[in-house]
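Below is one structure, written out as structure tokens, with a few remarks after it.
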Amino acid sequence: MKDDLLIKRIRAGDEDAAEELVRKFYAQVMRFCRWQCGNNDLAEDLTQETFLKVFKSLDQYRNRGHFKAWLFCVARSVCIDELRKDRIEYEPDIDISEIGDEYDGIRHVEDEDELYRLLSGLPDEQKEAIILHYMEGFSYREIGEILNIPYRTVQSRVNLARKTLRKKGEYR
Amino acid sequence: MRVNQIKKCLSSYEGTENTQKMEETIAECRRITRENAAASRPRSSFLDFLSEVLRMNGKIILGGQMVTLVIICLIIQMVSDYPKLIPVFIPFFILAALPVLFRAEINHMSEIELATRNSYAQLLLARLIIIGAADIICFTLLLAVEICCFRSGLGLLNLILYVFVPYMLCVTAMLRMIRSGKGKIISSAMVALTASFLWGITAFAIPGLYVGSAVGVWMICFIVFGVFFIREMEYLISYVKEGKIYGFVA
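Laid out in structure tokens, this is it:
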């Protein structure tokens, strides 16, 4: 079912539609929050907070067919608020120090942990752009809406991130 | 690292979901949806509300006014100098409407009315509109009776002024008393009876006030009381718009 139709039903008080919406986006928002804060438990709390915030301020959403972008915009602001609140340092569940110098020369990225490590080396704005683009499948324009920046800036951030990843992946 | 590798890795990445947390989130979202739906239940418009008040009070208001009209017509028929007695009887139309206007006070329901969705100001405005409409019908009939049956020879303008000047005076005084919090049914009834009494005195003490040439005086009174009446109505409407508590319940 289209997102805007779900929203319409939720606004009319349909609780099943509310459940459907949460189930539809929970994993994606959770994944995004996890990339943002690097901690699974915190990501769960942030995901929950995101959905509660979205449901409480659903009347602010104008039906323009970009619900997912709006949802991620809220998720991003929730993550930023949380990270600013206690100045949480990036605490990944994976211990980066364990990944040592035993890897020499050109190698391919084969698992997500490796990718996680590579992404963690990127500047935050590039990491955010590349996650939204490749992981969540947003277009440059939609990412621009979420991050509140022009789509060309998004494009350049994604390109820069790609270059960096390519370099890091090849010359590790 | 190639783009398709990034894509593949990122798109296959699954956050480890805590099902319990997700169910908790769903339950919370269901609760918020339920609460939002309850909060955004559409409120009835003022027109709907007016029709409801008309349904509940219309018969009593119109009946009361009609009975007053019949009594007044019968009395007027018995007296010889009736045109100048018209203002004497006009306050009785207000008097007849007081039981409806002060229904909450009479039935000790003010607190319950206060707790309902519509404010006392809205309720009073709705009742005043209905009473005003009923009074206009009654006054038209009264004037028609005077012109067709009694033929006093006075102009229509004089007769209209005889009707509306005391009417506006009474309504303005009553609204002002209600706004200041002193408006109880007894005090408002006293205002109506005092006004009637005073008009009676002027009818006999200053008969020159009721001749055709005195229209200017009545016109000035009409404008003065009209301004005060409009001001009171503006106050009442502003209370309705701003949702402030009005009258003795404040």
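If you read the protein sequences in the order shown, they are chains L and D.
Each number in my numbering comes from the position in the first sequence (counting from 1) with 55 added on.
Each number in my numbering comes from the position in the second sequence (counting from 1) with 1 added on.
Quick reminder that beta carbons are idealized off the backbone N, C-alpha and C, glycines included.
| Asked | Found |
| --- | --- |
| C-beta contact flag for D/Ile73 and D/Phe50 at 8 Å | no |
| Members of the region 67-81 of chain L near chain D, C-beta cut-off 9 Å | Ala67, Gly68, Asp69, Glu70, Asp71, Ala72, Ala73, Glu74, Leu76, Val77, Arg78, Tyr81 |
| L/Asp42, DSSP secondary structure in three states | One cannot answer for residue 42 of chain L here, as it falls past the ends of chain L, which runs 56 to 227. |
| Per-residue burial, L/Tyr158 [other beta carbons within 10 Å of its own, 16 or more giving buried] | Here L/Tyr158 scores only 34 on pLDDT, less than 50, and its place in the model is too uncertain to base an answer on. |
| Residue closest to L/Asp136, alpha-carbon to alpha-carbon, out of L/Ser112, L/Asp114, L/Ala124, L/Thr105 | L/Thr105 |
| Closer than 8 Å to chain D by CB, L/Glu200 | no |
| Spatial distance of D/Trp200 from D/Phe47 (CA atoms) | 37 Å |
| Closer than 8 Å to chain D by CB, L/Lys63 | no |
| Distance CB(D/Ile161)-CB(D/Leu144) smaller than 8 Å | yes |
| For L/Lys79, the first and last residue of its enclosing alpha helix (DSSP H) | 70-92 |
| Three-state secondary structure (DSSP) of L/Ser269 | This structure cannot settle anything about residue 269 of chain L, because the visible part of chain L is limited to 56 through 227. |
| Buried versus exposed, by CB contacts within 10 Å (16 or more), L/Val213 | buried |
| Cβ separation of D/Gly213 and D/Leu155, assumed to be a contact under 8 Å, to the nearest whole Å | 6 Å |
| Cross-chain neighbours of L/Gln103 in chain D, by beta carbon under 8 Å | Lys22, Glu25, Thr26, Glu29 |
| Residue-chain proximity (D/Ile33, chain A), Cβ-Cβ < 8 Å | Going by chain labels, chain A is absent from the structure shown, which instead holds the protein chains L and D. |
| Minimum Cβ-Cβ distance from L/Phe106 to chain D less than 8 Å | yes |
| Three CB pairs or more closer than 8 Å across the region 98-111 of chain D and the region 216-228 of chain D | no |
| D/Ala193: contacting residues in chain L (beta-carbon distance under 9 Å) | Result: empty, since nearest Cβ-Cβ is about 49 Å, beyond 9 Å. |
| Any C-beta of chain L under 8 Å from that of D/Ala38 | yes |
| Residue range of the alpha helix (DSSP H) that includes D/Ala40 | 20-40 |
| Start-end ranges of the beta strand (DSSP E) lying completely within the region 142-214 of chain D, minimum 3 residues | none |
| Cα-Cα separation between D/Gly227 and D/Asn58, rounded to whole angstroms | 26 Å |
| D/Gly182 versus D/Tyr247, D/Thr141, D/Leu158, residue with shortest Cα-Cα distance | D/Tyr247 |
| Alpha-carbon to alpha-carbon, D/Ile132 and D/Asn159 | 23 Å |
| Separation of L/Phe87 from L/Gly160, as counted between CA atoms | The predicted model places L/Gly160 with a pLDDT of 31, which falls under 50 and marks its position as unreliable, so this point remains unresolved. |
| Contacting residues, own chain, Cβ-Cβ under 6 Å from D/Val241 (five flanking each side not counted) | Ala122, Gln123, Leu126 |
| Neighbour list for D/Asn19 in chain L, Cβ cutoff strictly below 7 Å | Glu99 |
| Pairwise C-alpha distance: L/Lys140 and D/Asn37 | 29 Å |
| Buried/exposed call for L/Pro205, threshold 16 Cβ in 10 Å | exposed |
| Partner residues on chain D for L/Leu138, Cβ-Cβ distance less than 7 Å | Ordered by position in chain D, no residue passes the 7 Å Cβ test against L/Leu138, which lies about 17 Å from the chain. |
| DSSP-derived helix/strand/coil call for D/Pro100 | helix |
| Where L/Phe110 meets chain D, residues with beta-carbon distance less than 7 Å | Cys30, Ile33, Thr34 |
| 8 Å Cβ cutoff met for D/Cys150 and D/Phe94 | no |
| Endpoints, alpha helix (DSSP H) assigned at D/Glu53 | 47-79 |
| Burial state of L/Ser194 (16 or more Cβ within 10 Å) | exposed |
| Cβ-based burial, L/Asp148 [other Cβ within 10 Å; buried from 16] | Only weak support exists for where L/Asp148 lies, its pLDDT of 47 falling under 50; the value from the coordinates is given anyway. L/Asp148 should be labelled exposed. |
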